[in-house]
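Peer 1:
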Amino acid sequence: MTGISRAHLQIALERLAAAGASAHDELNAQDGKLGDGDLGITVARGWREAADGATELPDDVGMAFLACSKAFQRVSSSSFGTLIATGLMSAAKACKGRSDIPFSESSALLEGAIEAMLKRGKGALGDKTVIDMLEEIRLATAGKADPQEILTATDAAATKALERFRDQPSKLGRARMFGEKSIGLDDPGMLALRRMIDGLTGKMES
Amino acid sequence: MTGISRAHLQIALERLAAAGASAHDELNAQDGKLGDGDLGITVARGWREAADGATELPDDVGMAFLACSKAFQRVSSSSFGTLIATGLMSAAKACKGRSDIPFSESSALLEGAIEAMLKRGKGALGDKTVIDMLEEIRLATAGKADPQEILTATDAAATKALERFRDQPSKLGRARMFGEKSIGLDDPGMLALRRMIDGLTGKMES
Amino acid sequence: MKKILNAPQDYVDEMLDGMCTAHPEFYAQPERRVIARSGGATQGKVGIVTGGGSGHLPIFTGYVGKGLLDAAAIGDVFASPSAEQMAGAMRHANGGAGILRLYGNYGGDVMNFDMAGETVELEDDIESTTVLLADDVVSAPPEEAEKRRGVAGMVYAFKTAGAKAEEMADLANVTRIAQKTADACRSIGMALTPCTVPQAGKPTFTLGEDEMEMGMGIHGEPGIWRDKLKPADAITGEMIERLLADMPLSSGDRVSILVNSLGATPDEELYIMYRHAKMQLEAAGASIVMPLVGRYATSMEMTGATITLCKLDDELEALLKAPADCAFWRV
Amino acid sequence: MKKILNAPQDYVDEMLDGMCTAHPEFYAQPERRVIARSGGATQGKVGIVTGGGSGHLPIFTGYVGKGLLDAAAIGDVFASPSAEQMAGAMRHANGGAGILRLYGNYGGDVMNFDMAGETVELEDDIESTTVLLADDVVSAPPEEAEKRRGVAGMVYAFKTAGAKAEEMADLANVTRIAQKTADACRSIGMALTPCTVPQAGKPTFTLGEDEMEMGMGIHGEPGIWRDKLKPADAITGEMIERLLADMPLSSGDRVSILVNSLGATPDEELYIMYRHAKMQLEAAGASIVMPLVGRYATSMEMTGATITLCKLDDELEALLKAPADCAFWRV
Ligand SMILES: Nc1ncnc2c1ncn2[C@@H]1O[C@H](COP(=O)(O)OP(=O)(O)O)[C@@H](O)[C@H]1O
Ligand SMILES: Nc1ncnc2c1ncn2[C@@H]1O[C@H](COP(=O)(O)OP(=O)(O)O)[C@@H](O)[C@H]1O
Ligand SMILES: [Mg+2]
Ligand SMILES: [Mg+2]
Ligand SMILES: [Mg+2]
Ligand SMILES: [Mg+2]
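Protein chains in written order, with the working numbering: chain X, 5 to 210; chain G, 5 to 210; chain F, 23 to 353; chain U, 23 to 353.
Okay, structure coming up:
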């Protein structure tokens, strides 16, 4: 094995499900500040559903990503869940028919996901959403092939994105309606992704 | 002229309309204690409507009573108004075709009205309603022919009825539902008749 | 008072005006507070007339229409129409075959309708009969069933008697069907929040933040108990039980059921109630025919619901399913 | 929370269960949270599918029926259904002639329905189109009309597109009619009291004892102004004015108008509003065709009303008047 395989995904799903559960309250609270307070539910439920299907995942990494996308389509209909489903669907299409995806393709997979998610959410980069963090990560991981290096770069990029956007207003999603009030607050979707990365890198508090 | 004529009715209607107006608030309040608080409206509106038609009254005392009944049928649909309309209708039938009704017939007219009102209201004597006061008056005026004597007897009978029933429970109408609570309270319908009599005898406060 | 209105004293007349101009194919107002079919009375057909206070749409005026009523006299909110208006309704419903007066058992309404009946008999030579709805089981014990208030069961009687009259049956027969339907109906209500009579300007009753009243009448008349709000299944369960105690059903019986909102209670919650009621009735061996769920007899913006059972035989079932048409109900 | 329910998390499923068992002649639930016509899809007919949050009966599921919709996916109260449920609805509406996705413009619904569309195209080879209702004039200025929320105007689009599909028109034509209707609709709402989402357990907003909010959305989204409650004619007057400012009418124009209760506001008050709206529209030279007054798109027990105008040409008028049949509306 030299890249992303079924086995990697299985481990990742377990970690993401655990991260989702532990961040449940924090994310609901953050979303509740300017939104409907359901983001923790969305993240926890979605990854739990995907992880519950982990033993059934096919070897085809594309089809495995599709199964994860479908898990989100099934249980989480809030924006974040649908966007994650969209990103996973894009990865599914890109990986279809292969059981081993070189880590060096990570950045390219992200690029495809970002494009699909922007289209799905009718948004743009700079709107202060989870996609801005993904874009920061895509840039930071471009050209990298070593999984540990990729994780380290991802972690740093996530921190950078949070800091960069904190003092900007939200231009999309529910928080948009609150305009100026969103300045100074972390975008809940970015925070969710941050917690997911924490889970993957083992930084998760329990 | 030796008895009740069109002219008598015209004067009586003016007095009753004035009495109704002046008792409006008191009767609403009394009815409001255990009922829907509309009795003042009913009494004031009904006699006003009848008095407004006074100049058009026919000589036929029967038809004149009918016109008064119709006035109540037109404007007051609460129980008391309908019962008054019923009593007047009974008098109308009894006087039809005559333009001069001996005062000595007063008690008999009342008897007919009482019978019709009991039938209309599906009540009985002793239920603590306006009809009990009418019955007291019927008894007190029986055999009398002098109008002044009749008025004096009526006035005394009204007082007697109020006192006799005050400490009994209401057995009919809205107040019936309150059972014991109605003990100690004057029946609003009796109080209304008392005020009408006050108007006729000139005792009305203004 | 959180209501959308102009002057409170214009509430009823503006409402009737709006209703008649919105649905001129159904309703006309030939005299003030009298709603009649826009096509006028049907010659040779028994006329069915109802009446009562405003604030209960579709009851009373809304059910004027083919296969239903011919005319309705309507009073102020929660107040009887005048005898004159009732007489007017009877005249406008008169097709020469007699009139059935079909309405709810409330003292004021009864006195006025009786008086109106005498008037049109005297003045217009119109023969008429009366059938009173007295379906609210809470309002008097079975021994005094004739003293009970009339509530949503009226809708069933309008429907069956209306269908019978449309068949050109005679007055005796239309009256028989109405009475048979009235006898077959049992209702019970419960309330969570009051409504406001425009001219009074204040709520008809008060209930605590988390309280309900079981058995409350549609004008806020006192019920059987007042307590903490219970789950939908428990509420429905007790309502059905009390109806069945008054009119037992056994295996093979057919009933129609009306789960009716008093106004503010949404259809969503009526369906939650219906779901439980159906299981309960079927457990008793009865089968449900043509269930009605919605707003058929309201108290403006009151929160709460009523349940009516109407026990059917072949004759009533056929009449219930016969065509009918008004702005609020089409069968 | 003064609602008739069991466990809050069962509110939607018990409601759907009740609705389907009450009206099995109209509704079936072939998979959880997917309501389809009980007869199944009509072969060769374009399927019309809608979806959105619960709590708006008759919207969305109630309008499944002949001459209207083929299926609806329904979410929790005020929450989008999942993409999977939407895909399910599309599959059950599929008669082989393509699917129109016709629903309100809310971000979550749009993302999920787009995803569902891709899924059924990929997996089931179903061709589909989208028409979004964006009729709430208050929710964005005319320059950004495509960002507006979809409210009661949906009912008109269901009706006309439904009638067109029933004529066995092709997908392009059904889509054209839906878009034409969506373009012809303008709505505005006002609210007096909130509703409670069962799982949240608290009111969606608060308003003072004698306050109203003009322009408020059906989930309590902020409006244009909040002030003391005004008379019905003033409220109606401003609502109609704002609609006409967005879609001017001139002499000879025909419109249908929907005066819709958000739930608790009684029909009586809707008719008072209709009365004034009619005078105002006729003063502008327009004539009213097939006015609708009642509860067509609600927010459970919210007090308030919406007004929708739908400008008609001969084609839309004929489709609006074509037969249609569901448990909540029969034309
Ligand atoms: N249209 C969009 N495009 C991209 N990201 C979005 C969009 N809408 C919401 N988000 C992201 O999702 C987060 C909120 O997710 P969630 O709570 O599921 O949304 P909601 O409950 O409003 O549907 C936001 O903080 C933002 O990062
Ligand atoms: N059925 C009845 N028979 C005789 N008198 C009655 C009856 N009902 C009411 N009354 C009398 O009418 C009075 C109330 O009149 P009113 O306020 O018009 O009644 P309501 O508003 O309840 O229709 C009672 O105090 C009683 O004297
Ligand atoms: Mg959210
Ligand atoms: Mg959400
Ligand atoms: Mg009274
Ligand atoms: Mg009264």
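Note that beta-carbon positions come from the ideal geometry of N, C-alpha and C, so glycine has one too.
Indicate the three-state DSSP secondary structure (helix, strand or coil) for Gly-85 of chain G in the structure shown.
Peer 2: Residue 85 of chain G sits at position 81 when you count from the first residue of the second sequence. It is helical.
Peer 1: Quick one: measure Cβ to Cβ for Asn-28 of chain F and Ile-294 of chain U, integer angstroms, because I've assumed they're closer than 8 Å.
Peer 2: Your numbering for residue 28 of chain F matches position 6 in the third sequence. Your numbering for residue 294 of chain U matches position 272 in the fourth sequence. With 8 Å as the limit, Asn-28 of chain F and Ile-294 of chain U qualify as a contact, their Cβ atoms being about 7 Å apart.
Peer 1: Which runs of the beta strand (DSSP E) at least 3 residues long sit entirely within the stretch 244-269 of chain F? Give them in chain order.
Peer 2: Taking only runs of at least 3 residues, the beta strand (DSSP E) segments lying wholly in the stretch 244-269 of chain F are 247-250.
Peer 1: Met-133 of chain F versus chain G: which residues are under 8 Å apart at the beta carbon?
Peer 2: In the third sequence, residue 133 of chain F corresponds to position 111, counting from 1. By Cβ distance, chain G contributes Ser-83, Thr-86, Leu-87, Thr-90, Arg-124 and Gly-125.
Peer 1: Below 6 Å CB to CB, which residues in the same chain sit around Ala-185 of chain F once its five sequence neighbours on both sides are set aside?
Peer 2: As a working mapping, residue 185 of chain F is identified with position 163 in the third sequence. If we look at Ala-185 of chain F and ignore the five residues flanking it on each side, its Cβ neighbours are Gly-89, Leu-341 and Ala-344.
Peer 1: Is the closest heavy atom of ligand 3 to the C-beta of Gly-44 of chain X under 7 Å?
Peer 2: Locating residue 44 of chain X in the first sequence gives position 40, counting from the first residue. Checking the Cβ of Gly-44 of chain X against ligand 3 gives no.
Peer 1: Apart from the five residues on each side of it in sequence, which residues of its chain come closer than 6 Å, Cβ to Cβ, to Glu-209 of chain X?
Peer 2: Position 205 of the first sequence holds residue 209 of chain X. For Glu-209 of chain X, the predicted structure reports a pLDDT of 47, less than 50, and the residue's modelled location is therefore unreliable. The matter cannot be settled from this model.
Peer 1: Closest Cβ-Cβ distance between Lys-358 of chain U and chain F: below 8 Å?
Peer 2: This structure leaves residue 358 of chain U out entirely; chain U is present only between 23 and 353.
Peer 1: Three-state secondary structure (DSSP) at Met-324 of chain F?
Peer 2: Walking along the third sequence from the start, residue 324 of chain F turns up at place 302. Met-324 of chain F: strand per DSSP, three-state reduction.
Peer 1: So, Asp-136 of chain X versus Leu-129 of chain X, is the Cβ gap smaller than 8 Å?
Peer 2: In the first sequence, the residue the question calls residue 136 of chain X occupies position 132. In the first sequence, the residue the question calls residue 129 of chain X occupies position 125. Yes. Within cutoff.
Peer 1: In three-state terms, what does DSSP make of Glu-32 of chain G?
Peer 2: For the purposes of this step, residue 32 of chain G is taken as residue 28 along the second sequence, with counting starting at 1. Inspection of the sequence shows that residue 32 of chain G is occupied by Asn rather than by Glu. Correct three-state label for Asn-32 of chain G: helix.
Peer 1: Using the DSSP secondary-structure output, state which residues sit across from Gly-110 of chain F in a beta bridge.
Peer 2: Locating residue 110 of chain F in the third sequence gives position 88, where the first residue counts as 1. The partner list for Gly-110 of chain F (beta bridge, DSSP) is empty, contrary to what the question assumes.
Peer 1: Would you mind sorting Gly-242 of chain F into buried or exposed? The rule is 16 or more other CB atoms within 10 Å of its CB.
Peer 2: Numbered from its first residue, the third sequence carries residue 242 of chain F at position 220. Its Cβ being crowded by 16 or more others within 10 Å, Gly-242 of chain F is buried.
Peer 1: May I ask whether a heavy atom of ligand 2 can be found less than 7 Å away from the beta carbon of Asp-40 of chain G?
Peer 2: One-based indexing of the second sequence puts residue 40 of chain G at position 36. Asp-40 of chain G: yes, Cβ under 7 Å from ligand 2.
Peer 1: What residues in its chain sit with their C-beta under 6 Å from that of Ser-111 of chain X, if we drop five residues either side in the sequence?
Peer 2: To locate residue 111 of chain X, count along the first sequence from 1; it is residue 107. Arg-142, Thr-145 and Ala-146.
Peer 1: Are Asp-104 of chain X and Gly-7 of chain X touching if we call contact CB-CB under 8 Å?
Peer 2: Within the first sequence, residue 104 of chain X is the residue found at index 100, counting from 1. Within the first sequence, residue 7 of chain X is the residue found at index 3, counting from 1. The answer is yes: Cβ separation under 8 Å.
Peer 1: Taking only three categories from DSSP, how would you classify Tyr-318 of chain U?
Peer 2: As a working note, residue 318 of chain U is residue 296 in the fourth sequence. Tyr-318 of chain U: coil per DSSP, three-state reduction.
Peer 1: Is Gly-85 of chain X near ligand 1, going by C-beta to nearest heavy atom under 7 Å?
Peer 2: Looking up residue 85 of chain X in the first sequence gives position 81. For ligand 1, at least one heavy atom lies less than 7 Å from the Cβ of Gly-85 of chain X.
Peer 1: Using 8 Å for Cβ pairs, my map puts Ala-54 of chain G next to Phe-69 of chain G. What's the rounded Cβ distance?
Peer 2: Residue numbering aside, residue 54 of chain G sits at position 50 when the second sequence is read from its first letter. Residue numbering aside, residue 69 of chain G sits at position 65 when the second sequence is read from its first letter. The pair is not a contact, with the Cβ atoms about 10 Å apart (cut-off 8 Å).
Peer 1: In three-state DSSP terms, what is Glu-109 of chain G?
Peer 2: Taking the first residue of the second sequence as 1, we reach residue 109 of chain G at position 105. Looking at Glu-109 of chain G - three-state DSSP - the assignment turns out to be helix.
Peer 1: Does DSSP put Ile-45 of chain X in a helix, in a strand, or in coil?
Peer 2: Within the first sequence, numbered from 1, the residue matching residue 45 of chain X stands at position 41. Of the three classes helix, strand and coil, the one that applies to Ile-45 of chain X here is helix, per DSSP.
Peer 1: Any beta-carbon of chain F closer than 8 Å to the one on Ala-286 of chain U?
Peer 2: Sequence index remark: in the fourth sequence, residue 286 of chain U carries index 264 (1-based). It does: the Cβ of Ala-286 of chain U has a partner Cβ on chain F nearer than 8 Å.
Peer 1: Please confirm whether Glu-106 of chain F has its beta-carbon closer than 8 Å to some beta-carbon of chain G.
Peer 2: Along the third sequence, one-based indexing puts residue 106 of chain F at 84. Yes - at least one Cβ of chain G is within 8 Å of the one on Glu-106 of chain F.
Peer 1: Compare the C-beta of Gly-2 of chain X against all C-beta atoms of chain U and say whether one is closer than 8 Å.
Peer 2: Beyond the ends of chain X as shown, which are 5 and 210, falls residue 2 of chain X; an answer cannot be given.
Peer 1: By Cβ distance below 6 Å, which residues in the same chain neighbour Thr-141 of chain U in space, the five residues on each side in sequence not counted?
Peer 2: Counted from its first residue, the fourth sequence places residue 141 of chain U at position 119. Closer than 6 Å at Cβ, skipping near neighbours: Ala-109.
Peer 1: Do the stretch 224-239 of chain F and the stretch 145-154 of chain F touch if we need at least three Cβ pairs shorter than 8 Å?
Peer 2: Touching, no, given that fewer than three Cβ pairs across the two stretches are closer than 8 Å.
Peer 1: Name the residues in the stretch 135-168 of chain U whose C-beta lies less than 9 Å from a C-beta of chain X; which are they?
Peer 2: For the stretch 135-168 of chain U, which is checked against every Cβ of chain X, the residues closer than 9 Å are Asp-136, Met-137, Ala-138, Glu-140 and Thr-141.
Peer 1: Residues of chain C with a CB under 7 Å from the CB of Thr-325 of chain U: which are they?
Peer 2: Among the protein chains of the structure shown, namely X, G, F and U, there is no chain C.
Peer 1: If we define contact as Cβ-Cβ less than 8 Å, is Ala-44 of chain F a contact residue for chain U?
Peer 2: Taking the third sequence and counting its residues from 1, the one referred to as residue 44 of chain F is at position 22. Ala-44 of chain F counts as touching chain U.
Peer 1: Where do the ends of the beta strand (DSSP E) carrying Ala-58 of chain U lie?
Peer 2: Position 36 of the fourth sequence, counted from the first residue, corresponds to residue 58 of chain U. Unbroken beta strand (DSSP E) run through Ala-58 of chain U: 56-59.
Peer 1: Helix, strand or coil: how does DSSP classify Thr-90 of chain X here?
Peer 2: Position 86 of the first sequence holds residue 90 of chain X. Helix, per DSSP.
Peer 1: When you measure from the CB of Ile-121 of chain U to every non-hydrogen atom of ligand 2, does any distance come out below 7 Å?
Peer 2: Your numbering for residue 121 of chain U matches position 99 in the fourth sequence. Because no heavy atom of ligand 2 lies under 7 Å away, the Cβ of Ile-121 of chain U does not count as near it: no.
Peer 1: Counting along the chain, where does the alpha helix (DSSP H) carrying Thr-158 of chain G start and finish?
Peer 2: On the second sequence, position 154 is the one that residue 158 of chain G refers to. It spans 151-170 - the alpha helix (DSSP H) in which Thr-158 of chain G sits, taken as one unbroken run.
Peer 1: Return the Cβ separation of Thr-320 of chain F and Gly-285 of chain F in integer angstroms, given the expectation that the two are a contact with Cβ distance under 8 Å.
Peer 2: Locating residue 320 of chain F in the third sequence gives position 298, counting from the first residue. Locating residue 285 of chain F in the third sequence gives position 263, counting from the first residue. About 4 Å; that satisfies the 8 Å criterion.
Peer 1: Could you tell me whether the Cβ atoms of Pro-80 of chain F and Tyr-296 of chain F are closer together than 8 Å?
Peer 2: Residue 80 of chain F sits at position 58 when you count from the first residue of the third sequence. Residue 296 of chain F sits at position 274 when you count from the first residue of the third sequence. No, Cβ-Cβ distance for Pro-80 of chain F and Tyr-296 of chain F is not below 8 Å.
Peer 1: What three-state label does DSSP hand Lys-65 of chain F in the structure shown?
Peer 2: Within the third sequence, numbered from 1, the residue matching residue 65 of chain F stands at position 43. Going by the sequence as given, residue 65 of chain F is Gln instead of Lys. Gln-65 of chain F: coil per DSSP, three-state reduction.
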